[in-house]
Ligand SMILES: NC(=O)c1ccc[n+]([C@@H]2O[C@H](COP(=O)([O-])OP(=O)(O)OC[C@H]3O[C@@H](n4cnc5c(N)ncnc54)[C@H](O)[C@@H]3O)[C@@H](O)[C@H]2O)c1
């Protein structure tokens, strides 16, 4: 029997691309996109779409029952940079939405849950290079705290209530279809837009700030990959480290200059520098590679090529 899927937060950067991918795999009639508002018309107008408030248990449950949903991808969240401006709202959204979905699974309304964690679970006391799966985790952002404690709850619901919940710690995600939603790695998307529009970019991180990053296509492959894997192969039920590449603002600028030699980058670090300083530079994701055969495809130069090509088409 085909899976009936609900994506919550489907209008966002990752949810929107995940929706298109899942629709092509499972059929339009089996994938319901939902969000708190009609903020992405490509998603709203391209298939089944419902307004669902992830913070409201009844709202999620009504949608699950209406469409006989068995699998939920919970993509709604407040991200790291915005979360520092609205700490209580970030805590409320990120935790309440997770409990709502986990409790629906516990009560057998749904069978399977995907919930993304983040490299923000790590903090300044974590080893920064090739950060292991199991290590010190003392996040200093509200966002990172919600992801870390969320991971604990996922594992708890798996152990105590047999909830089939799967999770990966996304690094910064680079994509061209939808703009990012208020994270610390957003610069690595903005820079391509500004390079094409204005030939220059003022970066909110210092030139040597190295962070783990990934192209959207790889992130979607990882998401679909972990969800399709045999339950027995998913040995980690908190969240898997996941990696592709790591680079600094200076390195991404150099990659762009290979195509646009006149491109100039300047640096004006703001409050997001502190957040970036607390995160790993690179990630050891050997468990994901071993357990469910994760492999990334896109290098920095391959990402640059795709981003400039696709955005150029969009702007012209
Ligand atoms: N984008 C990244 O680089 C990145 C990195 C690590 C982890 N993640 C995680 O991946 C997930 C998706 O991130 P994203 O970048 O697509 O975020 P985003 O901000 O682009 O999208 C989030 C979506 O959730 C929706 N939303 C907000 N409140 C809601 C509510 N109460 N009910 C329903 N929907 C609501 C928003 O309208 C938005 O469309 C999040 O859990 C995020 O923490 C993202």
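Residue numbers (the working numbering): 1 to 316.
Ideal Cβ positions, reconstructed from N, Cα and C, are used throughout, including at glycine.
Since the model is a prediction, treat every value here as computed from it, not as a measurement.
* Asked: Taking buried to mean at least 16 other C-beta atoms within 10 Å of its own C-beta, is residue 102 buried or exposed?
  -> The residue given as residue 102 occupies position 102 in the chain shown. Buried.
* Quick one, which of 82, 177 and 164 has its alpha-carbon nearest residue 19's? -> As a working mapping, residue 19 is identified with position 19 in the chain shown. Comparing Cα positions, the closest option is 177.
* To do: List the DSSP bridge partners of residue 212.
  => Residue mapping note: residue 212 aligns to position 212 of the chain shown, counting from 1. In the DSSP output, where bridge partners are listed per residue, residue 212 has 246.
* To do: Taking 8 Å as the cut-off, decide whether the C-beta atoms of residue 84 and residue 63 are in contact.
  => Walking along the chain shown from the start, residue 84 turns up at place 84. Walking along the chain shown from the start, residue 63 turns up at place 63. Contact: no.
* Asked: Within the present structure, is the beta-carbon of residue 46 separated from the nearest heavy atom of ligand 1 by less than 7 Å?
  -> As a working note, residue 46 is residue 46 in the chain shown. No, Cβ of residue 46 sits at least 7 Å from all heavy atoms of ligand 1.
* To do: Could you give the DSSP three-state label for residue 236: helix, strand or coil?
  => To locate residue 236, count along the chain shown from 1; it is residue 236. It is coil, neither helix nor strand.
* Where the beta strand (DSSP E) through residue 201 begins and ends -> Here residue 201 is taken as the residue at index 201 of the chain shown, counted from 1. In the DSSP assignment, residue 201 falls within the beta strand (DSSP E) that extends over 200-203.
* Helix, strand or coil at residue 188 [DSSP, three-state] -> Taking the first residue of the chain shown as 1, we reach residue 188 at position 188. Note: residue 188 maps to helix in three-state DSSP.
* Between the Cα of residue 263 and those of 250, 271 and 171, spot the shortest distance and give me the residue it belongs to. => Here residue 263 corresponds to residue number 263 of the chain shown, with the count starting at 1. Taking only the C-alpha atoms, the option nearest residue 263 is 250.
* Asked: Relative to ligand 1, is the shortest distance from any of its heavy atoms to the C-beta of residue 66 smaller than 7 Å?
  -> The residue you call residue 66 lines up with position 66 of the chain shown. No; taking the cut-off as 7 Å, the Cβ of residue 66 has no heavy atom of ligand 1 nearer than that.
* **Backbone secondary structure at residue 172 - three-state DSSP** => In the chain shown, counting from the first residue as 1, residue 172 sits at position 172. Of the three classes helix, strand and coil, the one that applies to residue 172 here is strand, per DSSP.
* Asked: Just to confirm, does residue 191 get its C-beta within under 7 Å of one of the non-hydrogen atoms of ligand 1?
  -> Residue numbering aside, residue 191 sits at position 191 when the chain shown is read from its first letter. No, the beta carbon of residue 191 sits no closer than 7 Å to any heavy atom of ligand 1.
* **Collapsed DSSP secondary structure at residue 33 in the structure displayed** => Sequence index remark: in the chain shown, residue 33 carries index 33 (1-based). In this structure, residue 33 counts as strand in the three-state DSSP scheme.
* Asked: Whose C-alpha, out of 252, 13, 27 and 33, is nearest the C-alpha of residue 7?
  -> In the chain shown, counting from the first residue as 1, residue 7 sits at position 7. When each option's Cα is compared against that of residue 7, the closest is 33.
* **Beta-carbon spacing of residue 89, residue 75 below 8 Å** => By 1-based counting over the chain shown, the position of residue 89 is 89. By 1-based counting over the chain shown, the position of residue 75 is 75. Not closer than 8 Å, so no.
* **DSSP-derived helix/strand/coil call for residue 59** => Indexing the chain shown from 1 puts residue 59 at position 59. Residue state, collapsed to three classes: helix.
* Note down, in chain order, each residue of its chain lying with its Cβ closer than 6 Å to the Cβ of residue 291, except the 5 sequence neighbours on either side. => Here residue 291 refers to the residue found at position 291 when the chain shown is read from its first residue. 233 and 235.
* **For residue 164, the three-state DSSP class (helix, strand or coil)** => Start at 1 with the first residue of the chain shown, and residue 164 comes out as number 164. Strand, per DSSP.
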